[in-house]
């Protein structure tokens, strides 16, 4: 229910990009529901796979993670971090009455896995 859980993360338990979004929300104090498609609870009758297929039809991609705020798609990890950087993620939180803790100067990309780095030209 969007009103009860306005921030939903469709994730994989083992995915480092899912971990990065969890870190961002935790750092900002944003309460969220993580739907871990590969969790033991989602394995029976391949329920997680069915949810992933339905999600892919809705968002137009099979990539995980995917974030929704107030029922609106934010996108995957890059889109979520971009939305934080440009202020639109915080604006969505405010629009939907979602509590968050400002973290001035936070570069969300610093929460990415250490093997992800900017590729500066030589």
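Numbering (our numbering), first residue to last: 333 to 454.
Every residue gets a Cβ at the ideal spot worked out from N, C-alpha and C, and that includes glycine.
(1) Determine contact between the region 365 to 380 and the region 440 to 450, defined as no fewer than three beta-carbon pairs at a distance below 8 Å.
(2) Please list the terminal residues of the continuous alpha helix (DSSP H) segment that includes residue 456.
(3) Please return the same chain residues whose Cβ sits closer than 6 Å to the Cβ of residue 443, not counting the five positions on each side in sequence.
(4) What three-state label does DSSP hand residue 405 in the structure shown?
(5) For residue 401, I'd like the list of residues in its chain whose CB is within less than 6 Å of its CB, leaving aside the five on either flank, ordered along the chain.
(6) The beta strand (DSSP E) with residue 371 in it runs from where to where?
(7) Can you name the start and end residues of the alpha helix (DSSP H) that residue 362 belongs to?
(8) Distance, Cα to Cα, residue 341 vs residue 405?
(9) Pick out whichever of 350, 344 and 411 has its Cα sitting closest to the Cα of residue 380.
(10) How about residue 432 and residue 361: are their beta carbons less than 8 Å apart?
(11) Among residues of its own chain, excluding the 5 on either side of residue 337, which ones have a beta-carbon nearer than 6 Å to its beta-carbon?
Well, looking at it:
(1) Result no; under three Cβ-Cβ pairs closer than 8 Å.
(2) The question about residue 456 has no answer here: the residues shown for the chain are numbered 333 through 454.
(3) The answer, listed in chain order, is 352, 355 and 356.
(4) Residue 405 falls in the strand class under three-state DSSP.
(5) Answer for residue 401: 339 and 424, listed in chain order.
(6) In the DSSP assignment, residue 371 falls outside any beta strand (DSSP E), carrying neither H nor E.
(7) Element bounds for residue 362: n/a, residue is neither H nor E.
(8) Taken atom to atom, the span from the alpha-carbon of residue 341 to that of residue 405 is near 10 Å.
(9) The shortest C-alpha separation from residue 380 is found at 344.
(10) Residue 432 places its beta carbon less than 8 Å from that of residue 361.
(11) Within the same chain, and ignoring the five residues on either side of residue 337 in sequence, the residues whose Cβ sits closer than 6 Å to its Cβ are 365.
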